[in-house]
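Numbering (the numbering used here), first residue to last: 519 to 843. For every residue, glycine included, the Cβ atom is placed at its ideal position computed from N, Cα and C. Read the structure below first, then the notes.
The structure is reproduced here in structure tokens:
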């Protein structure tokens, strides 16, 4: 399905690249990811609804923006930013129209998955729909919208020979065969590049939670008494650059998570609000789309190097590609 979706969404962009010196890939990439995730998570094909097929990804963009705006900095004059952007929740009415369209789409086209939520997890129909939309929109699509430009930039702007290594690994282990989640698990370098991108650029930089009980929080050299009900904040970009855990922590090292030592470091990779070795559940609040994000990112990288020898660009556009020989 990934091949079908990507070919459909990317064909116009490939034509534009042949006509121009560069193309922006965010819109076709977001549309492609939205279509793919709708099918794989919700079991719903956006083609069944013309408006969703054309604008579903932008509907999710607006819904996401309304939720994260109170927590992100847009670098305007302080304290105006804190007063006018970070001091209150934004009304749902601003995006309710688009959200209701997505709700109706999931209800109609994803009814089998909605029914499974009711039968296997004891959810009401409305709870199942809202949970599916949250997983689709925030956990999966939202994460991709932030991660993929960073991932493409890390690969497309590299000058150390990384692309040749990625191409060699994909060619050796996958050839021209159709890619699957299982097949990309054998691509150790591809996975390591994805993990390293997530380490340096966690999609959600801040996590908040209230203590459920009194406990002690330990660091390397201190112990802190935490009382039940206190608000805690974790800042991922700082945690993921801990020099006592990661060698040369500020640098992008494509092979960091390879081999036995690299595998051990996965227990310190907390981009998903939990270790990469962990499993999301209703108690730990780890990202429900954790595995989808990493596997689909690997799938995209592998697909690129099945088709191309190299790509050149940055976090917003592709300037050149060399087709696979």
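Proximal residues to residue i (C-beta, below 7 Å), its chain only, five neighbours per side dropped
i: residue 759; result: 767 and 768
i: residue 547; result: 666
i: residue 832; result: 671, 674 and 675
i: residue 616; result: 577, 580 and 581
i: residue 733; result: 744
i: residue 584; result: 608, 612 and 613
i: residue 773; result: 707 and 710
Reduced DSSP secondary structure (H/G/I, E/B, other) of residue i
i: residue 563; result: coil
i: residue 579; result: helix
i: residue 750; result: strand
i: residue 741; result: strand
i: residue 725; result: strand
i: residue 589; result: helix
i: residue 831; result: strand
i: residue 734; result: strand
i: residue 614; result: helix
i: residue 826; result: strand
Beta-carbon proximity list for residue i, same chain, < 6 Å, skipping 5 on both sides
i: residue 660; result: 582
i: residue 727; result: 750
i: residue 570; result: 564 and 623
i: residue 796; result: 804
i: residue 748; result: 729
i: residue 735; result: 742 and 744
i: residue 752; result: 725
i: residue 701; result: 692
i: residue 687; result: 705 and 707
Inter-residue spacing [alpha-carbon to alpha-carbon] between residue i and residue j
i: residue 597; j: residue 587; result: 15 Å
i: residue 626; j: residue 704; result: 37 Å
i: residue 543; j: residue 826; result: 16 Å
i: residue 685; j: residue 717; result: 23 Å
i: residue 478; j: residue 828; result: Nothing about residue 478 can be read from this structure; the chain reaches only from 519 to 843.
i: residue 589; j: residue 694; result: 43 Å
i: residue 778; j: residue 740; result: 30 Å
i: residue 822; j: residue 714; result: 18 Å
i: residue 746; j: residue 801; result: 16 Å
i: residue 840; j: residue 662; result: 25 Å
CB contact flag (residue i, residue j, <8 Å)
i: residue 711; j: residue 551; result: no
i: residue 754; j: residue 798; result: no
i: residue 697; j: residue 555; result: no
i: residue 738; j: residue 762; result: yes
i: residue 657; j: residue 780; result: no
Whole-Å CB distance - residue i paired with residue j, under 8 Å assumed
i: residue 699; j: residue 813; result: 5 Å
i: residue 621; j: residue 651; result: 7 Å
i: residue 791; j: residue 725; result: 5 Å
i: residue 683; j: residue 707; result: 6 Å
i: residue 784; j: residue 793; result: 7 Å
i: residue 561; j: residue 631; result: 5 Å
Proximal residues to residue i (C-beta, below 8 Å), its chain only, five neighbours per side dropped
i: residue 645; result: 635
i: residue 757; result: 788
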